[in-house]
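Under our numbering, the first residue of the sequence shown carries the number 12, and numbering increases by one thereafter. Ideal Cβ positions, reconstructed from N, Cα and C, are used throughout, including at glycine. Here the structure is a predicted model, which means the values were calculated and not measured. Data first, discussion second: the structure below is written as structure tokens.
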Amino acid sequence: MSIKLHPPVPFMEDLAAELLVDIFEFACVGDDGQTARSLSLISRRIREASRPFLFRAIFLHATPTKLQQLIHRMEVEHERCPEMRPRCRHLFLECPHMDPDELAEFPTIDDSPTSFHGEPSSSVLSYSTHQRMATFWEQWSRLVSSLLRATAPDLETFTFVSHSDFPGPIAFPCFFPALRELCVVSCGLSPSSSVTTTHPPVFPSLQRLHLVSLSEEFPSSFASLVQHTPKLTHLRVSNLARQLNLRALLNLYKDSNPDPALPNLQRVLIQPSSPPWPDGPCGSPYMLYLDFVTRLWCSAQLARVPVYLVPGNVKFREADHEIFVQKTREEWLDRIAGREGCWAVEEDWANRNVDGHAIPWHLLLMARERGA
């Protein structure tokens, strides 16, 4: 009786380095970098093969300390192997919330004047806090600019999420030749003052732009931003407030514009802010909100591209910020993996009726749920 022996199954360590790199590249697609970091802990050989993917996708709660650590690690990797510099293709930065307890770490003027009784006056304490906050954000902005400069050549998707206390707007200090998708949750955004209109576009390859408004002044950045996105095909504006002047937004997609600022635009998504409570003097805020969404709905009738009114989250104002960050992160990961993410739409969200002026049913339903 003969025994048939099968060849031994090769262990990961026995595979050729080139094959390992191909396997790891496939394994690291669609996640936030955790796979590459886990692989780097297995062995020295596996760490070497997974090294090109360590910074491929980065999710970071961007405190100054964590920003410094990340920049330092990238510099160390670059010095260790200059021909294989760290390449970050997908970046998600969550802006830190200013905790008053953390302000003590930032210096301020020592010779602060005191009150008659020798105690610091309330006005002085207030000024001290303000000064420390300014120092904090100055340091933070400097570190973020350094990180963006280091990642700009290869960056393909970038999501930035701020808190309402972020002084903003976020500035982009350089050119992003490969960036194809940008999501900004902030009070505004603008190219750096050093990147003027006389230079080439800051985002020459950008195709999808998602702006989540935290300020009534947010659309004012459209004018300075649009000229830097010549290839934009998809635009989404979320949490659009009723008080905003809509002209800058409507001009981007109205059919009567003979020279559109975004000639390649294919689709627009607008998510109005949550409706107000149906109370107040004669329900005035609620009625104004209905007028607001009706204007948006009617503006889509004769638009040169499909315009979708996305139902808002009725609990947006009350929701915990971490829940919102998690949802935005999931949408970012969806886009990395090739899924629709925040760009998924339903045909009912578009106004296809040229003659009708009724408020869309899905927005009416949202308003009713708000009042329930």
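Per DSSP, the bridge partner or partners of residue i
i: Cys194; result: Thr170 and His221
i: Tyr319; result: Leu280 and Ala361
i: His72; result: Glu105
i: Ala314; result: Lys265
i: Arg247; result: His221 and Leu280
Buried versus exposed, by CB contacts within 10 Å (16 or more), residue i
i: Arg363; result: exposed
i: Gly352; result: buried
i: Gln337; result: exposed
i: Gly349; result: exposed
i: Gln80; result: exposed
i: Arg346; result: buried
i: Ile69; result: buried
i: Ser49; result: exposed
i: Pro93; result: exposed
i: Ile334; result: exposed
i: Asp359; result: exposed
Rounded straight-line distance, which links the Cα of residue j to that of residue i
i: Glu192; j: Glu341; result: 15 Å
i: Leu65; j: Ser152; result: 24 Å
i: Ser310; j: Ile281; result: 11 Å
i: Lys77; j: Val172; result: 16 Å
i: Val356; j: Asn262; result: 22 Å
i: Pro75; j: Glu90; result: 22 Å
i: Met95; j: Met85; result: 11 Å
i: His108; j: Met144; result: 11 Å
i: Trp384; j: Val304; result: The first residue shown for the chain is 12 and the last is 383, placing residue 384 beyond what the model contains.
i: Ala163; j: Val279; result: 26 Å
i: Phe214; j: Leu301; result: 36 Å
i: Val155; j: Arg56; result: 33 Å
i: Pro317; j: Ala361; result: 7 Å
i: Leu159; j: Tyr297; result: 42 Å
i: Ser295; j: Ala252; result: 16 Å
i: Ala259; j: Ala314; result: 14 Å
i: Gln142; j: Pro184; result: 24 Å
i: Pro286; j: Leu299; result: 10 Å
i: Val87; j: Leu344; result: 27 Å
i: His174; j: Ile181; result: 12 Å
i: Gln277; j: Phe103; result: 26 Å
i: Trp354; j: Ser139; result: 44 Å
i: Leu236; j: Leu307; result: 22 Å
i: Thr170; j: Ile82; result: 18 Å
i: Phe177; j: His332; result: 14 Å
i: Thr339; j: Leu320; result: 19 Å
i: Gln150; j: Ala161; result: 17 Å
i: Thr168; j: Ser197; result: 17 Å
Residues near residue i by beta carbon distance below 7 Å, same chain, minus five either side
i: Ser204; result: Per-residue confidence for Ser204 stands at a pLDDT of 47, beneath the threshold of 50, marking its modelled position as unreliable; no derived number is given.
i: Leu217; result: Leu190, Arg191, Leu193, Thr240, Lys242 and Leu243
i: His72; result: Glu105 and Pro107
i: Tyr264; result: Leu276, Val279, Ala314, Arg315, Val316 and Val318
i: Cys166; result: Residue identity check: residue 166 is Leu in the sequence provided, not Cys. The residues are Cys99, Arg100, Leu102, Phe187, Ala189 and Leu190.
Close-in-space but distant-in-sequence residues of the same chain around residue i (CB under 6 Å, 5 per side omitted)
i: Leu222; result: Val195 and Val248
i: Arg219; result: Glu192 and His245
i: Asn250; result: Val223, Ser224 and Ser284
i: His128; result: Reliability of the predicted coordinates at His128 is poor, the pLDDT of 45 falling under 50, and no value is obtained from them.
i: Pro274; result: none
i: Ser157; result: Ile82
i: Leu257; result: none
beta-carbon residue i near the ligand ATP non-hydrogen atom, thresh 7 Å
i: Ala68; result: No copy of the ligand ATP occurs in the structure displayed, which carries no ligand at all.
Residues near residue i by beta carbon distance below 8 Å, same chain, minus five either side
i: Asp266; result: Leu313, Ala314 and Arg315
i: His210; result: Phe186
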